[in-house]
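For reference, the structure is listed below as structure tokens.
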Amino acid sequence: MKRKQKHVPVVKGETYQIEITDLTHDGEGIGRVDDFAVFVPEALPGDVVLGKVISTKKTYARALIEKTFKNSDQRIAPVCPKAESCGGCQLAYMGYEHQLAWKQRKVQDVLKRIGKLDAEVLPIIGMERPEGYRNKSQFPVGLVDNRLVIGFYQKRSHNIVDTDYCRLQHPLINKAARVVKQALIDLKIEPYNEKDHLGVVRHAVIRTSFSRHTLMLIFVTRTKELPHRDKLIEVLTAELPELTSIYQNINSQVTNVIFGTESRLLWGEPYLFDQIGDLEFAISPRSFFQVNPIQTKVLYDLAKEAAGLTGRETVWDLYCGIGTIGLYLASDAAKVIGVETVPEAVEDARYNAVLNGIDNAEFYTGKAEELAPKLLDKGLKPDVVVVDPPRRGCDPGLLETIQSVQVPKVVYVSCNPSTLARDLGMLKEAGYRVESVQPVDMFPDTRHVECGTLMSRV
Numbered sequence: 000m001k002r003k004q005k006h007v008p009v010v011k012g013e014t015y016q017i018e019i020t021d022l023t024h025d026g027e028g029i030g031r032v033d034d035f036a037v038f039v040p041e042a043l044p045g046d047v048v049l050g051k052v053i054s055t056k057k058t059y060a061r062a063l064i065e066k067t068f069k070n071s072d073q074r075i076a077p078v079c080p081k082a083e084s085c086g087g088c089q090l091a092y093m094g095y096e097h098q099l100a101w102k103q104r105k106v107q108d109v110l111k112r113i114g115k116l117d118a119e120v121l122p123i124i125g126m127e128r129p130e131g132y133r134n135k136s137q138f139p140v141g142l143v144d145n146r147l148v149i150g151f152y153q154k155r156s157h158n159i160v161d162t163d164y165c166r167l168q169h170p171l172i173n174k175a176a177r178v179v180k181q182a183l184i185d186l187k188i189e190p191y192n193e194k195d196h197l198g199v200v201r202h203a204v205i206r207t208s209f210s211r212h213t214l215m216l217i218f219v220t221r222t223k224e225l226p227h228r229d230k231l232i233e234v235l236t237a238e239l240p241e242l243t244s245i246y247q248n249i250n251s252q253v254t255n256v257i258f259g260t261e262s263r264l265l266w267g268e269p270y271l272f273d274q275i276g277d278l279e280f281a282i283s284p285r286s287f288f289q290v291n292p293i294q295t296k297v298l299y300d301l302a303k304e305a306a307g308l309t310g311r312e313t314v315w316d317l318y319c320g321i322g323t324i325g326l327y328l329a330s331d332a333a334k335v336i337g338v339e340t341v342p343e344a345v346e347d348a349r350y351n352a353v354l355n356g357i358d359n360a361e362f363y364t365g366k367a368e369e370l371a372p373k374l375l376d377k378g379l380k381p382d383v384v385v386v387d388p389p390r391r392g393c394d395p396g397l398l399e400t401i402q403s404v405q406v407p408k409v410v411y412v413s414c415n416p417s418t419l420a421r422d423l424g425m426l427k428e429a430g431y432r433v434e435s436v437q438p439v440d441m442f443p444d445t446r447h448v449e450c451g452t453l454m455s456r457v
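For the sequence shown, numbering that gives the first Met the number 0 begins at 0 and goes up steadily by one.
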């Protein structure tokens with residue numbers, strides 16, 4: 000029997016009065032017209048708006064605010080003057096206490112809806128001062144109206160919003176962005192043109208160390224040659240005494256991926272050094288290092304507490320990156336085994352172990368599901384497994400490995416509640432129970448939330 004087509008009661012280009020009742024998981028307002036869902040960016044629960052429909056699908060539409068009839072009591076005036084155009088801060092219009100409450104509900108909702116879990120979610124841990132927390136920024140560089148711009152992408156586009164200041168960035172990053180922009184203008188170094196794949200500088204990636212107050216700068220270029228390189232280095236090092244490294248990364252591909260595969264040290268030290276707790280970590284240009292070091296310590300302390308280590312345990316740190324979590328746990332464990340697919344990250348992890356005088360940690364390159372039999376043959380069966388996967392979550396093969404090894408405890412650190420819920424649901428089916436779920440607000444003013452979760456084998 001042919002399925003009846005659902006009536007779409009809104010028309011693209013028309014305006015409708017919409018009362019916002021909730022937020023999507025991406026932080027967009029949800030309202031209804033004749034019981035038909037309409038998603039409205041920058042709208043908050045309690046807003047009543049006139050929305051102009053910009054697109055329609057079978058089950059929902061999207062609209063932009065044309066006029067506001069009533070403001071939500073959750074709404075604040077955004078501090079940043081670029082909030083309306085920049086795509087970085089989805090929740091800049093929402094009071095911080097309301098952001099935290101929404102993120103708490105978001106985690107609870109996906110655990111129940113996707114993971115079919117009734118686990119208790121502990122109160123989210125927010126920041127005392129939710130600004131200046133980012134230690135890394137990737138600034139696209141381009142040409143607008145025949146003028147070099149550096150900034151962030153406009154919402155839902157690749158148009159660059161010209162700004163060398165962001166309240167979420169560490170002040171040193173903002174300072175460096177201003178200096179970089181002026182140096183590129185003064186030396187007439189061409190910005191990249193995404194449309195015709197011409198020009199030189201695609202991105203300026205700036206990293207800073209909170210503990211040392213130093214900077215690493217990476218120019219991502221389309222070409223192998225960086226014009227006026229020596230003069231550029233001279234200007235930057237004179238204007239930025241905090242600078243310790245200047246790199247060039249070459250990305251000649253037609254792609255949205257920021258980094259290419261080749262990085263060259265142009266000046267200074269090969270690493271940026273920063274701390275988490277009492278440990279120091281060497282960070283290379285493409286290393287993954289949590290962008291909010293203040294909340295990272297909170298998260299890692301929670302992971303250590305959840306693991307419940309006594310000094311006798313073997314810990315497997317899967318998706319170990321440059322070794323941050325595993326090395327943070329090493330002082331309370333008998334042995335730490337880190338596994339990572341990226342060879343350069345494994346080299347950094349080994350260096351970080353030496354840097355901190357840690358001799359009970361070993362790091363291996365490869366997939367956990369392929370390395371597990373060899374580790375077990377060496378008598379390295381884990382008592383605790385820690386995973387901190389990318390946003391896509393754990394590979395199915397890795398979850399099967401956890402199940403087959405029958406590890407007693409799993410500590411899961413996640414930056415994506417949806418894939419966390421999916422993976423926890425799979426582990427539940429494999430005989431694990433959720434003991435605790437702790438959200439941590441790693442990214443104030445954005446839709447993102449981090450979680451630390453403990454599961455134990457039933």
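Cβ coordinates follow ideal geometry from the N, Cα and C atoms, glycine included. As the structure is a computational prediction, the values presented were derived from the model and not from experiment.
query = If you count every other CB in all the chains shown that lies within 10 Å of the CB of Asp422, and 16 or more means buried, which is it?
reply = buried
Using a Cβ-Cβ cutoff of less than 6 Å, which residues in the same chain neighbour His447 once the five nearest sequence positions on both sides are dropped?
none
- Please list, in chain order, all residues of the same chain as Thr14 whose beta carbon is under 6 Å from its beta carbon, the five residues on each side excluded. Leu49, Lys51, Glu65
Could you say which of Val37, Gly392, Leu197, Gln153 lies nearest to Ser413 if we only look at CA atoms?
Ranked by Cα distance from Ser413, the first of Val37, Gly392, Leu197, Gln153 is Gly392.
DSSP-derived helix/strand/coil call for Ala42:
coil
Thr445 (DSSP reduced to helix, strand or coil): coil
Worksheet item: Using DSSP with H/G/I as helix, E/B as strand and the rest coil, what is Met0?
Response: With a pLDDT of only 44 at Met0, under 50, the local geometry of the prediction cannot be trusted, and the value read off the model is given with reservation. In this structure, Met0 counts as coil in the three-state DSSP scheme.
Worksheet item: Between the segment 99-114 and the segment 174-184, are three or more C-beta pairs nearer than 8 Å?
Response: no
Between the C-alpha atoms of Ala91 and Leu426, what's the straight-line distance to the nearest angstrom? 36 Å
Checklist entry - Does any heavy atom of the ligand MN sit closer than 7 Å to the C-beta of Glu96? => result Ligands displayed in this structure: none; no statement on the ligand MN is therefore possible.
**OP:** Could you have a look at Leu63 and say whether DSSP puts it in helix, strand or coil?
**Re:** strand
Check whether Phe280 and Asn351 have beta carbons under 8 Å apart:
yes
Quiz item: Run through DSSP, which three-state label would Glu369 get?
Solution: Helix at Glu369.
- Task: My understanding is that Thr418 touches Arg390, with C-beta atoms under 8 Å, so please give their C-beta distance in whole angstroms.
- Result: 7 Å
Does any residue of chain C bring its CB to less than 8 Å from the CB of Ala348? Looking at the structure shown, chain C is missing, and only one protein chain is on hand.
Helix, strand or coil for Ile113? Go by DSSP, reduced to three states.
coil
Fill in: Rounded separation between Val468 and Glu399 - CA only
This structure leaves residue 468 out entirely; the chain is present only between 0 and 457.
| request: Use the C-beta contact count for Met0: other C-beta atoms within 10 angstroms, 16 or more gives buried, fewer gives exposed. | output: Caution applies to Met0, whose pLDDT of 44 falls short of 50 and renders its modelled position unreliable; the value that the coordinates give is listed next. Met0 is exposed by the Cβ-count criterion.
Worksheet item: Relative to the C-alpha of Cys85, which residue among Gln153, Met93, Asp33, Gly30 is closest?
Response: Gln153
Check your understanding: Ends of the alpha helix (DSSP H) at Val178?
Key -> 170-185
For the alpha helix (DSSP H) containing Asp347, list its first residue and its last residue. 342-354 is the span of the alpha helix (DSSP H), which, as asked, contains Asp347.
Handout entry: Per DSSP, cross-strand counterpart(s) of Lys51
Key = Checking the DSSP bridge columns, you'll see Lys51 partnered with Thr14, Leu63.
- Query: Within this structure, are the beta carbons of Asp440 and Gln294 separated by less than 8 Å?
  - Reply: The Cβ atoms of Asp440 and Gln294 sit closer than 8 Å to each other.
#### Entry: Val314 and Ala332 closer than 8 Å at C-beta
yes
| said: Assuming Thr220 is part of the beta strand (DSSP E), what are its boundary residues? | reply: Looking at the DSSP string, the run of the beta strand (DSSP E) that includes Thr220 is 214-220.
Query raised in the report: Does the segment 192-211 touch the segment 135-153, meaning 3 or more C-beta pairs lie closer than 8 Å?
Result: Look at the beta carbons and you see the segment 135-153 touching the segment 192-211: at least three pairs across the two are nearer than 8 Å.
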